[in-house]
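Take a look at the structure set out below.
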Amino acid sequence: MARSKVFLIGPEEPWQKIDKLFSRSGIRDKIEAGDIVAIKLHFGELGNTRYIHPIFARKIVDLVKEAGGEPFLTDTTTLYKHTRETLFGYLETAARNGFTRETMGCPIIIADGLRGTN
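Be aware that the sequence shown starts at 1, since it is given in full-length UniProt numbering, and climbs by one per residue.
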């Protein structure tokens, strides 16, 4: 198994950090014009604040677009009973947490179907 690379970034503003990480990690160089790029993201549980804020996710979407890619955000439903157990519940939860096609600038796809069985 390959070792994970760890990137340490100084005390810049978060926007600058995202730009640097995107470049230093080599991701920008792997994206070719027209590539469809999945950005796997947890959109948060309803009432929870421990997820990547939508403004940072949008920055990554914009960087993928600048590199020539066609991004979409994706995640899967949960096995446990809660707001993210179905596609409809998850999309509603994502929207309440600030993740919509309009705010993100790309589609949001729940990858395992309506009830998490696909």
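Each residue gets a CB set at the ideal place from its N, CA and C atoms; glycine is no exception.
Only a predicted model underlies this, so the values are computations on that prediction, with no experimental measurement involved.
Candidates the options, of which the one nearest residue i by Cα
| i | options | result |
| --- | --- | --- |
| LYS5 | GLU13, PHE22, ALA67 | PHE22 |
| GLY82 | GLY105, ALA33, GLU45, ARG58 | For clarity, residue 82 is His in the given sequence; the question names Gly instead. Checked all of GLY105, ALA33, GLU45, ARG58; the closest Cα to HIS82 is GLU45. |
| THR77 | ILE110, ARG96, GLY26, PHE99 | ILE110 |
| VAL64 | GLY10, GLU32, PHE7, ARG24 | GLU32 |
| ILE108 | GLY47, ILE36, GLY68, ALA67 | ILE36 |
Inter-residue Cα distance where the pair is residue i and residue j
| i | j | result |
| --- | --- | --- |
| LEU91 | ASP112 | 13 Å |
| PRO14 | THR49 | 18 Å |
| LYS17 | LYS40 | 19 Å |
| GLU12 | PHE56 | 14 Å |
| GLY101 | ALA94 | First, the amino acid is wrong: residue 101 is Arg here, not Gly. Each residue's Cα considered, the two are about 10 Å apart. |
| LYS20 | LYS59 | 12 Å |
| ILE27 | GLY68 | 12 Å |
| THR74 | ALA38 | 7 Å |
| GLU70 | PRO54 | 18 Å |
| LEU87 | PHE72 | 16 Å |
Buried or exposed (CB count within 10 angstroms, at least 16 for buried), residue i
| i | result |
| --- | --- |
| MET1 | exposed |
| ARG84 | buried |
Anticipated Cβ contact below 8 Å, residue i with residue j, distance rounded
| i | j | result |
| --- | --- | --- |
| ARG24 | PHE43 | Not quite, the Cβ-Cβ distance comes to about 26 Å (not below 8 Å), so this is no contact. |
| VAL61 | GLY105 | 5 Å |
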